[in-house]
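Visitor: Dropping a structure here in structure tokens format, bear with me for questions.
There are 2 protein chains.
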Amino acid sequence: MSDHADHRGEADSRSPGERDGRGDREARSERALWVSEARVSDVVGRLIEFWGFKRNMGRVWTLLYLSPEPLSADDLRRLLGLSTGAVSMTLSELARWGVVRKIWVQGERRDFYTAEVQLWRMISRVWSEREKIEVESAIEAFEAALKELETMRRGASLDASTRARIDLQRERIGHLLELARLGKKLLDALLSTAKVDAEPLVRFLLGQRLTDTRDASPR
Amino acid sequence: MSDHADHRGEADSRSPGERDGRGDREARSERALWVSEARVSDVVGRLIEFWGFKRNMGRVWTLLYLSPEPLSADDLRRLLGLSTGAVSMTLSELARWGVVRKIWVQGERRDFYTAEVQLWRMISRVWSEREKIEVESAIEAFEAALKELETMRRGASLDASTRARIDLQRERIGHLLELARLGKKLLDALLSTAKVDAEPLVRFLLGQRLTDTRDASPR
DNA sequence: TAGTTCCTTCAAAAGTTTTTGAAGCTTGAT
DNA sequence: ATCAAGCTTCAAAAACTTTTGAAGGAACTA
Chain C
1 MSDHADHRGE
11 ADSRSPGERD
21 GRGDREARSE
31 RALWVSEARV
41 SDVVGRLIEF
51 WGFKRNMGRV
61 WTLLYLSPEP
71 LSADDLRRLL
81 GLSTGAVSMT
91 LSELARWGVV
101 RKIWVQGERR
111 DFYTAEVQLW
121 RMISRVWSER
131 EKIEVESAIE
141 AFEAALKELE
151 TMRRGASLDA
161 STRARIDLQR
171 ERIGHLLELA
181 RLGKKLLDAL
191 LSTAKVDAEP
201 LVRFLLGQRL
211 TDTRDASPR
Chain R
1 MSDHADHRGE
11 ADSRSPGERD
21 GRGDREARSE
31 RALWVSEARV
41 SDVVGRLIEF
51 WGFKRNMGRV
61 WTLLYLSPEP
71 LSADDLRRLL
81 GLSTGAVSMT
91 LSELARWGVV
101 RKIWVQGERR
111 DFYTAEVQLW
121 RMISRVWSER
131 EKIEVESAIE
141 AFEAALKELE
151 TMRRGASLDA
161 STRARIDLQR
171 ERIGHLLELA
181 RLGKKLLDAL
191 LSTAKVDAEP
201 LVRFLLGQRL
211 TDTRDASPR
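In structure tokens, the structure reads:
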């Protein structure tokens, strides 16, 4: 975070006309606005990092999200103090995830970018892809392991303790599988609900004040 | 995964009596069992890494989870091919998260460890801590940014475009805040439900087959 | 045509995280 | 008291990730 001090600023390339010679006050409030943007973009950066993306993806996305007009790669470079290469790569990665779009501006040579503003749409797109990659492959691996244990169990000549061990593992891997499937279903349901409207889900969760029916066991 | 080849095994320190001289078949099936354990522990390792923990935490936890008896630090070291230091640190980290417990075995000098087997309990403990750290601080930061924008807006002499900009940002940061709060509520609800029983939630999500009736919120 | 702007790529540098293992500590046995 | 087993710590090394910026390319202008 040490790196903001010197990017005082504002994208002065934004509308390449009217620059300089404005009142001191306006300049000051623009600076204040930028400080606030920077702070928010760092927060999102950290949050996004926590979810397994690169921090700069969050920072770049946030600036685009908070900007009234599309920004150019160079704007972003100056505002965030990144190298040209970093901006280019971050933008293309964001584009791959579908959370940022390239925009053509009349009579401008360079490309401009805007953020996807539909947060839920964005989240569901991103998560459903990740989920596919991670959770599904875990589910498959658990299933494979279970099948293998099954085969082993049928094999002849196992001493009693090995057999007991196999049984324990079948049970436990079974639980892991169940859990992974539950996670997948939750995500799927959440995301496909979210695509339309998250409200009902939330109302359910908060409304029926948690049936504390002491039933326990995840079973 | 290249590193399993040579930890053929079985914790031969587990019951320091009866070793060697068993049938070939038993040895073979134990090896097969270990291969399967190793695979599962790697899957969990990867999954856990994806959620922001160290891979070895997942690997160690899984071995403990799949083992009928508690294991010693040295068992884990040999089985997973880690250094003494790594095992010690991983175990103490797992203990801090409350997902592994130290066990005293009669007449044994060294410590033994077992995994928490109640998966939901474990998950809710871990997530509620993380959530506090990450999501809450993001919420606070968004709130602070909004307050600041509010103050700015009340400040005198802003030109029209700056004012419009502030308004846009208030709206957008407002959305981010809303989203973060929603996330927090979801997690809270999920976890406190989970502590008792995850069923009702899942039934809700899957049962009412997602009122896709294009009107969504029964407002 | 040559010149310019902007974008992308990628090898190398910087930065970060993880792992190692030797040194030191603690505990219990002799 | 000394010794040994086992655990922990931490500085250094290795592994991995991210960032840099110069080189190259594409597309437009004059």
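Line by line, the protein sequences give chains C and R. Reading the first sequence from the start, the letters are residues 1 to 219 in this note's numbering. Reading the second sequence from the start, the letters are residues 1 to 219 in this note's numbering. Using N, Cα and C, we set each Cβ at its ideal position, and we do this for glycine too.
Which same chain residues end up closer than 8 Å to R/I103 when comparing Cβ atoms and leaving out the 5 residues on each side of it in sequence?
Guide: Cβ neighbours of R/I103 beyond the five flanking positions: P70, D111, F112, Y113, T114.
Visitor: Which residues in chain C have a C-beta closer than 7 Å to the C-beta of R/Y65? List them in chain order.
Guide: The contacting residues are R172.
Visitor: Hey, R/V117 and R/A180 are a contact pair by Cβ (cut 8 Å); roughly how many whole angstroms apart?
Guide: In fact, because the Cβ distance is near 33 Å, the residues do not count as touching under 8 Å.
Visitor: What is the rounded straight-line gap between the Cα of R/R101 and the Cα of R/I123?
Guide: Their backbone Cα atoms lie some 15 Å apart in a straight line.
Visitor: Would you say C/V87 and C/W61 are within 8 Å of each other, going by their C-beta atoms?
Guide: No, they are not a contact pair.
Visitor: Hey, is C/R14's beta-carbon within less than 8 Å of any beta-carbon in chain R?
Guide: Residue placement at C/R14 is poorly supported in this model, since its pLDDT is 38, which falls under 50; the coordinates are not used for a value here.
Visitor: Three-state secondary structure (DSSP) at R/E140?
Guide: Three-state DSSP puts R/E140 in a helix.
Visitor: Does C/K102 come out as helix, strand or coil in the three-state DSSP assignment?
Guide: Strand, per DSSP.
Visitor: Taking the Cβ atom as the reference point for each residue, do C/S29 and R/G155 lie within a distance shorter than 8 Å?
Guide: Result yes, Cβ atoms of C/S29 and R/G155 sit closer than 8 Å.
Visitor: Would you grab the beta carbon distance between C/M57 and C/E93 for me? Rounded to a whole angstrom, and I think it's under 8 Å.
Guide: Confirmed, Cβ separation roughly 6 Å.
Visitor: At 9 Å on the CB atoms, spell out the chain C contacts of R/A164, in chain order.
Guide: Within chain C, the residues near R/A164 are P68.
Visitor: Should C/D167 be labelled buried (16 or more other beta-carbon atoms within 10 Å of its own) or exposed?
Guide: Under this definition C/D167 is an exposed residue.
Visitor: Which runs of the beta strand (DSSP E) fall wholly inside the segment 114-183 of chain C and span at least 3 residues, in chain order?
Guide: Entirely contained in the segment 114-183 of chain C, not one beta strand (DSSP E) run reaches 3 residues.
Visitor: Measuring alpha carbon to alpha carbon, tell me which of C/K132, C/A141, C/L149 ends up nearest C/L191.
Guide: Considering only alpha carbons, the answer is C/K132.
Visitor: Could one say the Cβ of R/L76 lies closer than 8 Å to chain C's Cβ atoms, at least one of them?
Guide: Not an interface residue.
Visitor: Short check: CB of C/S157 to CB of R/R25, under 8 Å?
Guide: Against a cut-off of 8 Å, the Cβ pair of R/R25 and C/S157 comes out as a contact.
Visitor: Is the shortest distance between the beta-carbon of R/S36 and the beta-carbons of chain C less than 8 Å?
Guide: Yes, R/S36 lies at the interface with chain C (some Cβ there is under 8 Å from its Cβ).
Visitor: Going by C-alpha distance, which of R/D159, R/R170, R/K185, R/L186 is nearest C/A23?
Guide: The question names Ala, but residue 23 of chain C is Gly in the sequence shown. When each option's Cα is compared against that of C/G23, the closest is R/D159.
Visitor: What distance in whole Å lies between the Cβ atoms of R/R46 and R/R55, which are believed to be in contact at a cut-off of 8 Å?
Guide: Contact holds; Cβ gap of about 7 Å.
Visitor: Using a cut-off of 8 Å between C-beta atoms, extract the partners of C/F142 located in chain R.
Guide: Chain R residues near C/F142: V40, V43.
Visitor: Tell me whether the beta-carbon of C/L63 lies closer than 8 Å to the beta-carbon of R/Q169.
Guide: No; because the gap between Cβ atoms is not below 8 Å, this pair is not in contact.
Visitor: Name, please, each residue of chain C whose Cβ falls closer than 9 Å to the Cβ of R/M227.
Guide: Since the first residue shown for chain R is 1 and the last is 219, residue 227 of chain R is missing from the structure and cannot be characterised.
Visitor: Closest to C/V222 by CA distance: which of C/V105, C/V99, C/A27 is it?
Guide: Here chain C has residues from 1 to 219 only, and residue 222 of chain C is not among them.
Visitor: Counting only beta-carbon atoms, is C/G155 nearer than 8 Å to chain R?
Guide: True, the Cβ-Cβ gap to chain R drops below 8 Å.
Visitor: Please state whether the Cβ-Cβ distance between R/K184 and R/I139 is less than 8 Å.
Guide: Yes, Cβ-Cβ distance for R/K184 and R/I139 is below 8 Å.
Visitor: Under the rule that 16 or more other beta-carbon atoms within 10 Å means buried, what is R/R163, buried or exposed?
Guide: It is exposed - the Cβ of R/R163 has fewer than 16 other Cβ atoms within 10 Å.
Visitor: Quick one: using the 10 Å Cβ neighbour count with 16 as the cut-off for buried, is C/R96 buried or exposed?
Guide: When all chains shown are included, C/R96 counts as exposed.
Visitor: Using the beta-carbon of each residue, which ones in chain C are nearer than 8 Å to R/D111?
Guide: Correct list: empty, because the minimum Cβ distance to chain C is about 22 Å.
Visitor: At a Cβ threshold of 8 Å, is R/G85 touching chain C?
Guide: Not closer than 8 Å to any Cβ of chain C, the Cβ of R/G85 fails to qualify, so no.
Visitor: Grab me the residues of R/S128's own chain with a C-beta within less than 7 Å of its C-beta, minus the 5 sequence neighbours each way, in chain order.
Guide: Once the five neighbours on either side are set aside, the close Cβ partners of R/S128 are L191.
Visitor: So, with DSSP's three-state summary, where would you put R/S41?
Guide: Note: R/S41 maps to helix in three-state DSSP.
Visitor: Does the CB of R/F50 have a neighbour CB from chain C at under 8 Å?
Guide: Chain C, which has a Cβ nearer than 8 Å to the Cβ of R/F50, makes this yes.
Visitor: Which of helix, strand or coil does DSSP assign to C/L71?
Guide: Here C/L71 sits in strand by DSSP.
Visitor: The alpha helix (DSSP H) spanning C/S88 covers which residue range?
Guide: Where C/S88 is concerned, the enclosing alpha helix (DSSP H) stretches over 84-96.
Visitor: For R/F222, which three-state DSSP category applies?
Guide: Because chain R in this structure spans residues 1 to 219, residue 222 of chain R falls outside the shown range and cannot be described.
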